[in-house]
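Accompanying notes for the structure given below.
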Amino acid sequence: MFQRVRLRLSALLVLLFLALYALTSILIYSLSAQLMISSVDGVMEATAQPLVEEVSSSLNQGQFPSEFVTLTKLSSLYPKVSAIIFRDAIGEEIASTNPKINHLPYQFKHSKNFQTIYHSINKVHYRVLTDRIMNPYGQTEGYLQIALNINHDLNGLHRLYEVLWIVAIAGTFLAAIAGLYMSKLSLQPVVRSWNQQQQFVADASHELRTPLTVIQLNLEVINSDLNKTIGDNSEWLSVIQKETDRLRRLTQDLLTLARIGSSSGLVRFQAVNLLEILMSVVNSHQIIAEAKGIKLSVTACPQNEADQLMYVTRGDQDRLYQLFTILIDNAIKYTEQGEVHAQLEKKKNHYDFTVRDTGIGIAESQIDHVFDRFYRTDSARVRESGGSGLGLAIAKFIVEAHEGKITVQSTEGIGTEFVIQLPER
Ligand code: ADP
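In this note's numbering, the protein residues as written are 772 to 1196.
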C-alpha cells in the first residue's frame, strides 16, 4: 500500500520539477533569443542610419548613390556586416558589397523592417534590415538592405537549447531518485504509526477475546443444567462478574488511550492543586492497602498550611487523578508486604511526584517495556493481577500531555520507584 503512495509522491515531485523547469527554461531561452536579436538589430540599425542619411543627402544633390558610395569603402567600413545592398524604387539590385548574397528575399514596407531568413545556397541564416530611402518630396527612391550572418549567434542559442534538454533529462532522473528517497523518509513515521495501530488493534482484539471466551464458557456451564439454582452456579457467576469487570476496565482504558491519542482528547488545562488530588487518591486507596496489610503513606515538601498554594498549578484535574491512581494502584497491586510511599515535592520550576514500593520489582530486561501498550512482565503475580497492561501507557501519555517526564527504577524482589516530573505552569 505504501509502495504505491511512495511512487505517486515521487511522480508528483518529478512532475512539479518538470513544470517548474519547463517554465524557467522557456523563460531563459526566449530571453536569450530576444537579447541576441535585439543586439544584432542594434548593430544593423547603427550601420544603416549613417548610410541612409548619406544616400539621401546625395540623392538630394541629384546624384545616384552608386556613384559615390563605393562598395569597397562600404565593405571596409562595416566589416561585421555580411552584405550591404542598394535597390532601386522597384526593388532591382543596383549594388551589393557581397555578390554571393544575391536573391536575398526582401520585404518592402513603408517603414524599415527586420527579417530573419535562411539562405539555402550559402547555408547561412541572415538577419536583414530593409530601410526605405526617400527624396525630399516623400517619394521612394530606393531601398538599403543590410544583412548580418547570425549563424554564430544561432549556434549559441542552439547550444543553450541542447544544454537545457540535457539538464531536463538529468534533472528528471535526479528528481525521481530524490522523490523516492524523500517520500521514503517522509512516509517512515506514517508507516511506523500504521504498524503500531495494526499491532494495537491486534492486541486489543486479543485482550477482549480472552474475557469474552471465559464468560461464554461459564455461561455454557450454567446453561448445561437449567435445574441448578443461582446459588449452585455462584462459582461460575463470580467468574463471569470478574471477567465482566475486567472487560469494563479494559474498554475504559482503550477509550482513554484513544481519546488522549486524538485531538478530541486533548487535556483541558485548569488551575489544580496537585497535593489535593494526591491526597484524594491516597485516601481512596487506604482501605485497599490496609486489606493487603500494606502501609500506604504520603509526604509533601513543603508541608505547612501556608505553602499549600505552592501545589497549585495548571493541568487536567481528571487526567492527573488518573495518573496518580495508576501509579499508586500498581504499587499496591504489585506489593505483597511492606509499604507504598508517595511523595510530592515542589522544586524550583517543577514538581517531583514519586511512588516507591517494596514490591516484586521489575526485571532489568523488562524495565524498558513497561510503558508499552499491553505490556505485562511475566511474573506469576502480574498474571494473577489480571491487569490489561495499559495503565503505564496511559500514565506516560498523560505525563507527556503535561510536558513532563516519567522514569522508573526497580530491583527485582526489592521494590520499584516511579518518578514523575511535571513542569510548573
Ligand atoms: P497492568 O494493568 O498490567 O498493571 P500497567 O501498564 O500499569 O499494566 O503496568 C505494566 C506492567 O508493568 C505490569 O503488568 C507489571 O508487570 C509492571 N509494573 C507496573 N508497576 C509495577 C510496580 N509498581 N511493581 C512491579 N511491577 C510493576
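No residue lacks a Cβ here, since even glycine has one placed at the ideal position from N, Cα and C.
To the nearest angstrom, how far is it from the Cα of residue i to the Cα of residue j?
i       : j       : result
Ser810  : Tyr849  : 16 Å
Leu780  : Ser954  : 6 Å
Ile892  : Val785  : 45 Å
Leu1046 : Asn1054 : 12 Å
His977  : Thr1148 : 17 Å
Ala939  : Val895  : 29 Å
Val934  : Thr818  : 33 Å
Leu1049 : Ala1102 : 14 Å
Arg1020 : Tyr1082 : 30 Å
Glu1183 : His1140 : 15 Å
Gln1040 : Leu1094 : With the sequence shown as reference, residue 1040 is identified as Phe, and Gln is not the correct amino acid for it. The alpha-carbon atoms of Phe1040 and Leu1094 are separated by roughly 15 Å.
Asp924  : Ser796  : 18 Å
Val985  : Trp1007 : 10 Å
Leu1161 : Asp1143 : 8 Å
Asn994  : Ser1150 : 35 Å
Thr1084 : Ala947  : 52 Å
Ile1185 : Thr1000 : 47 Å
Leu1163 : Leu1080 : 29 Å
Gly950  : Ala782  : 7 Å
Tyr800  : Leu789  : 16 Å
Gln959  : Phe944  : 23 Å
Leu806  : Trp936  : 21 Å
Leu979  : Leu794  : 58 Å
Asn966  : Thr1187 : 31 Å
Gln1057 : Ser1136 : 32 Å
In terms of residues, what are the limits of the beta strand (DSSP E) holding residue i?
i       : result
Lys1066 : Ile1065 to Cys1072
Gln886  : Asn884 to His890
Asp1100 : First-last for Asp1100: Gln1088 to Lys1104, but that is the alpha helix (DSSP H), not the beta strand (DSSP E).
Ala866  : Glu864 to Ser867
Gly1109 : Gly1109 to Lys1117
Leu1193 : Gly1186 to Pro1194
Thr1000 : Careful: Thr1000 lies outside any beta strand (DSSP E) and carries neither H nor E.
Asn1044 : Gln1041 to Asn1044
Please list, in chain order, all residues of the same chain as residue i whose beta carbon is under 6 Å from its beta carbon, the five residues on each side excluded.
i       : result
Cys1072 : Glu1116
His1173 : Gly1086 and Leu1193
Tyr1105 : Gly1130 and Ile1131
Leu1098 : Val1126 and Phe1189
Lys1176 : Gln1192
Asn989  : Trp1007, Val1010 and Ile1011
Phe1124 : Leu1115 and Ile1191
Could you work out which residue in the options is closest to residue i when comparing CA atoms only?
i       : options                               : result
Gly927  : Val1043, Ser803 and Lys1118           : Ser803
Lys1258 : Gln805, Asn831, Gly913 and Val1126    : Because the chain here runs from 772 to 1196, residue 1258 falls outside it and cannot be looked at.
Asn884  : Leu915, Glu1135 and Pro907            : Leu915
Gly1158 : Lys1013, His929 and Glu824            : Lys1013
Thr901  : Ser882, Tyr908, Leu830 and Gly909     : Ser882
Thr911  : Ser828, Arg903 and Leu1161            : Arg903
Asp974  : Ile1001, Tyr1146 and Leu789           : Tyr1146
Ile917  : Ala947, Phe971, Ser853 and Ala866     : Ser853
Val1038 : Leu958, Asn989, Gln1088 and Lys871    : Gln1088
Lys1063 : Asp1100, Thr1187 and Leu778           : Asp1100
Asn920  : Gly913, His929, Val899 and Asn906     : Val899
Met905  : Gln832, Ser1009, Asn922 and Pro870    : Gln832
Leu778  : Ser957, Leu988, Lys871 and Ile937     : Ser957
Ile1059 : Ile1031, Thr1096, Gln1023 and Thr1070 : Thr1096
Gly909  : Pro821, His1056, Ser827 and His929    : Ser827
Ile1165 : Asn1044, Ile1031, Ser1051 and Ala1134 : Ile1031
Leu798  : Tyr932, Gly813 and Asn998             : Tyr932
Asn1044 : Val823, Leu1091, Asp996 and Gly913    : Leu1091
Please work out which residues of its chain come closer than 8 Å, Cβ to Cβ, to residue i, disregarding the five sequence neighbours upstream and downstream, and give them in chain order.
i       : result
Gly864  : Checking the sequence, you will find Glu at residue 864 rather than Gly. These residues qualify, in order along the chain: Ile856, Phe857, Arg858 and Asn873.
Val962  : Phe773
Ser1068 : Glu1110, Val1111, His1112 and Ala1113
Thr1015 : Pro982 and Ile986
Met1197 : In the structure as shown, the chain begins at 772 and stops at 1196. Residue 1197 is therefore absent and cannot be evaluated.
Arg1042 : Correcting the residue identity first, residue 1042 is Ala in this sequence and not Arg. Correct list, in chain order: Val1083, Thr1084 and Arg1085.
Val776  : Ser954 and Leu958
First and last residue of the alpha helix (DSSP H) that includes residue i?
i       : result
His977  : Asn922 to Ser995
Lys1176 : Note, Lys1176: premise wrong, no alpha helix (DSSP H); beta strand (DSSP E) at Lys1176 to Thr1182.
Arg777  : Phe773 to Asn831
Ile904  : Per DSSP, Ile904 belongs to no alpha helix (DSSP H); it is in the beta strand (DSSP E), Val895 to Met905.
Asn1168 : Before going on, a small fix: residue 1168 reads as Phe here, not Asn. First-last of the alpha helix (DSSP H) with Phe1168: Gly1162 to Ala1172.
Using C-beta distances below 7 Å, list every residue in its chain close to residue i, excluding the 5 sequence neighbours before and after it, in chain order.
i       : result
Ile1138 : Val1179 and Ser1181
Leu787  : none
Tyr792  : Ala939 and Gly942
Asn1004 : Ile993
Phe971  : Arg1144
- Message: Within 8 Å, do at least three Cβ pairs link the region 881–889 to the region 857–871?
- Response: no
- Message: Counting beta carbon pairs with one atom in the region 1129–1146 and one in the region 1101–1109, are three or more of them shorter than 8 Å?
- Response: Verdict: yes, contact present.
- Message: Please output, in chain order, the residues near the ligand NAD using a CB cut-off of less than 5 Å to any non-hydrogen atom of the ligand.
- Response: This structure simply doesn't include the ligand NAD; it includes the ligand ADP instead.
- Item | Meets three-Cβ-pair contact criterion under 8 Å: the region 1118–1125 and the region 1184–1194 | The region 1118–1125, when compared against the region 1184–1194, does touch it at the 8 Å Cβ threshold.
- Message: Closer than 8 Å is the cut-off here; do at least three beta carbon pairs connect the region 1162–1177 with the region 1023–1031?
- Response: yes
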